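Participant: Quick note: the sequence shown uses this note's numbering, first residue -18, plus one each step. Cβ atoms here follow ideal geometry from the backbone N, Cα and C, with glycine treated the same way. Here the structure is a predicted model, which means the values were calculated and not measured.
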Amino acid sequence: MLASWMSANMPTMRSLLVDTSIFYEGGISETQDLAFSISIALEYMRAMTQNGLSLEKALKQISFKIPIGTNVFHTIAKLRALRIMWARIVENCGAPANLNPALLDASISKRVLSGRDVSVNMLRASCACFSAVAGGADTVTLFPHTQIVSAPSSSDRRIIRNIQNVLKHESFIANVADPAGGSFYVENLTDIFAQKSWEIFQLIESKGGFSKQLLAGSIYAMVEKAWKVRKNNLDTRRDSVTGVSSFPDLYENLEKIKAVVEKKLKSQSKTGLGSNDLALDGSFDDLFKAAGQGTHLSVLAKFLGERAKAIKPIQARRLSEDFERLRDNSDVWLNKKKRRPTGLIIRLGKPVDYNARVVFAQNYMAVGGIETQEIDMSNGDVENAINGQGIDFIIICSSDRV
-18 MLASWMSANM
-8 PTMRSLLVDT
2 SIFYEGGISE
12 TQDLAFSISI
22 ALEYMRAMTQ
32 NGLSLEKALK
42 QISFKIPIGT
52 NVFHTIAKLR
62 ALRIMWARIV
72 ENCGAPANLN
82 PALLDASISK
92 RVLSGRDVSV
102 NMLRASCACF
112 SAVAGGADTV
122 TLFPHTQIVS
132 APSSSDRRII
142 RNIQNVLKHE
152 SFIANVADPA
162 GGSFYVENLT
172 DIFAQKSWEI
182 FQLIESKGGF
192 SKQLLAGSIY
202 AMVEKAWKVR
212 KNNLDTRRDS
222 VTGVSSFPDL
232 YENLEKIKAV
242 VEKKLKSQSK
252 TGLGSNDLAL
262 DGSFDDLFKA
272 AGQGTHLSVL
282 AKFLGERAKA
292 IKPIQARRLS
302 EDFERLRDNS
312 DVWLNKKKRR
322 PTGLIIRLGK
332 PVDYNARVVF
342 AQNYMAVGGI
352 ETQEIDMSNG
362 DVENAINGQG
372 IDFIIICSSD
382 RV
């Protein structure tokens, strides 16, 4: 109904958005995300053509919202691979491959944003924006660096808006038609992404399509399996989160960052047509008019078809969450005892023997919100330092030989 109405009344607008953000935030890989996007888009196209919309008009109703991370080359290859795969599907459906190129909105995923050392989020947004443009995105969506910890201020929003302006006017990336074109590494990575994604897509299609797999729980299982692998890499610091699980700022003051969090509206006033005023067989024009008059979406949804079947919810996650909880516990300790958990680093030997290990120990402890103090073994006050107040454990740093 919606696609037909939009095609007839707003032919330049698109009614269906393929958005895999929840799966990406659940932990899936780039190739899985590509496969999910293509599979969902194909189901949309089939549904529209089966209900009387021509293939050409159906294609003009689909757009993609692609969640992206901070790996520049992976993002570039991902966006390029999606265009290749979608063009292949369009061509196999009987339409020219260049009839309707995929309309891509690259949106930075909240899973890569951190709630600690939030200034690093500006760097993450810059990486995401650059790679999205280099990968050929039509539009780019970014979030303010304080999005996770507070309601963004006007200054925060201004900074994030200007990231695109800085890239455009200082790097001149917008003046190049295909910035990544011709790079062997990017082209090869694109082919790898497209091939692996196509295999996952074919597996989903062979089992009845995305909707059936979603209802059967197979998609949920894929997400959880992918997250388990990702979480293990995070826990063992094979994958690091700058400012959180590596190089943390133990002394940042979040109170200076957090604004007064805006209260969410508990309910939205309903004006115009209410649920009792809408006929069950009302036309889409009536529903559109009701929406324009302020009718709540929950009311309109009752007249848009059967209620969707419930599935097991997919949990949205951020890569830094578990480490942030450690820091939160440290803050609780600080509020109660007026100090953070503290370890004493005892240095043995010459600086060349212990420097690298001291730096590692300081960084490692700070990840958990633990402060460190240092003292040389040759210092006569070692015993007093060990027995002094505020020392919770001892770390000895020296060479392998010692």
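Between the region 312 to 331 and the region 102 to 122, can you find at least three pairs of beta-carbon atoms closer than 8 Å?
Facilitator: no
Participant: Are ILE49 and LEU60 touching if we call contact CB-CB under 9 Å?
Facilitator: yes
Participant: List the whole-angstrom C-beta distance separating GLU205 from SER90, where the pair is believed to meet the contact cut-off of C-beta under 8 Å.
Facilitator: The pair is not a contact, with the Cβ atoms about 18 Å apart (cut-off 8 Å).
Participant: For HIS150, count neighbouring Cβ atoms within 10 angstroms of its own Cβ and tell me buried if that reaches 16, exposed if not.
Facilitator: exposed
Participant: Hey, THR127 and SER88: beta-carbon distance below 9 Å or not?
Facilitator: no
Participant: How is the beta strand (DSSP E) around VAL121 delimited, first residue to last?
Facilitator: 120 to 122
Participant: By the DSSP assignment, the alpha helix (DSSP H) with GLY116 in it spans what residues?
Facilitator: Unbroken run through GLY116: none, as it is neither H nor E.
Participant: Tell me the rounded alpha-carbon separation between GLY96 and LEU84.
Facilitator: 31 Å
Participant: Going by beta carbon distance, what residues of the same chain come within less than 7 Å of LEU94, once the five residues before and after it are set aside?
Facilitator: ASN102, ARG105, PHE124, GLN128, ILE129 and ARG299
Participant: With distances taken between CB atoms, is the gap from LEU215 to PHE153 smaller than 9 Å?
Facilitator: LEU215 is not a Cβ neighbour of PHE153, given a cutoff of 9 Å.
Participant: Considering only the beta carbon of each residue, do LYS46 and PRO(-8) sit closer than 9 Å?
Facilitator: Contact flag unset, no.
Participant: Looking at the unbroken alpha helix (DSSP H) that takes in SER178, where does it start and where does it end?
Facilitator: Per DSSP, the unbroken alpha helix (DSSP H) holding SER178 starts and ends at 165 to 187.
Participant: Please identify the residue among PHE191, LYS331, CYS378 and LEU329 whose C-alpha is closest to the C-alpha of GLN13.
Facilitator: Among PHE191, LYS331, CYS378 and LEU329, the Cα nearest to that of GLN13 is on PHE191.
Participant: In three-state terms, what does DSSP make of LEU384?
Facilitator: This structure leaves residue 384 out entirely; the chain is present only between -18 and 383.
Participant: Could you check what DSSP says for ASP137 in three-state terms: helix, strand or coil?
Facilitator: helix
Participant: Would you mind working out which of ARG219, ARG338, LEU325 and MET346 sits nearest ALA366, comparing C-alpha positions?
Facilitator: LEU325
Participant: Hey, would you say ASP86 sits closer than 9 Å to SER20, going by beta carbons?
Facilitator: Taking C-beta atoms as the reference points, ASP86 and SER20 fail to come closer than 9 Å.
Participant: Report, in whole angstroms, the separation of the C-beta atoms of ILE377 and THR323, which I expect to be a contact under 8 Å.
Facilitator: Their Cβ separation, rounded to whole angstroms, is 16 Å, which puts ILE377 and THR323 out of contact at 8 Å.
Participant: Output the distance between the C-alpha atoms of THR353 and PHE374, rounded to the nearest integer angstrom.
Facilitator: 10 Å
Participant: Measuring alpha carbon to alpha carbon, tell me which residue in ASN213, SER380, ASN52 and GLY350 is nearest VAL167.
Facilitator: That would be ASN52, whose Cα lies nearest to the Cα of VAL167.
Participant: Report yes if the C-beta distance between VAL225 and SER311 is below 9 Å; otherwise report no.
Facilitator: no
Participant: What three-state label does DSSP hand LEU(-3) in the structure shown?
Facilitator: strand
Participant: Would you mind stating whether SER199 and LYS188 have Cβ atoms separated by less than 9 Å?
Facilitator: Closer than 9 Å, so yes.
Participant: Where does PHE174 land, buried or exposed, given buried means 16+ other C-beta within 10 angstroms?
Facilitator: buried
Participant: Answer yes or no: do LEU34 and ALA76 have a C-beta to C-beta separation smaller than 9 Å?
Facilitator: no
Participant: Which of the three DSSP states, helix, strand or coil, is assigned to SER152?
Facilitator: In this structure, DSSP gives SER152 a state outside helix and strand, which the three-state scheme calls coil.
Participant: Confirm, please, whether the CB-CB distance from ALA16 to ILE140 is below 9 Å.
Facilitator: no
Participant: So, for ALA155: in the same chain, excluding its five sequence neighbours on each side, which residues have a beta-carbon less than 6 Å away from its beta-carbon?
Facilitator: LYS149
Participant: For GLY349 versus SER379, is the C-beta spacing smaller than 9 Å?
Facilitator: no
Participant: Secondary structure at LEU34, three-state DSSP: helix, strand or coil?
Facilitator: coil
Participant: Going by DSSP, what residue range makes up the beta strand (DSSP E) through LEU325?
Facilitator: 323 to 328
Participant: Look at ILE65 and THR171 and say whether their C-beta atoms are less than 9 Å apart.
Facilitator: yes
Participant: Report the partner residues of GLU355 according to the DSSP bridge assignment.
Facilitator: ILE326
Participant: So, is GLU11 buried or exposed, given that buried needs 16 or more other C-beta atoms within 10 angstroms?
Facilitator: Around the beta-carbon of GLU11, 16 or more other beta-carbon atoms lie within 10 Å, marking it buried.
Participant: Taking 7 Å as the limit between beta carbons, can you name the residues of its chain near GLY8, skipping five residues before and five after?
Facilitator: VAL204, ALA207, TRP208, ARG211 and ARG298
Participant: So is MET(-6) buried or exposed if we call it buried at 16+ other beta carbons inside 10 Å?
Facilitator: exposed
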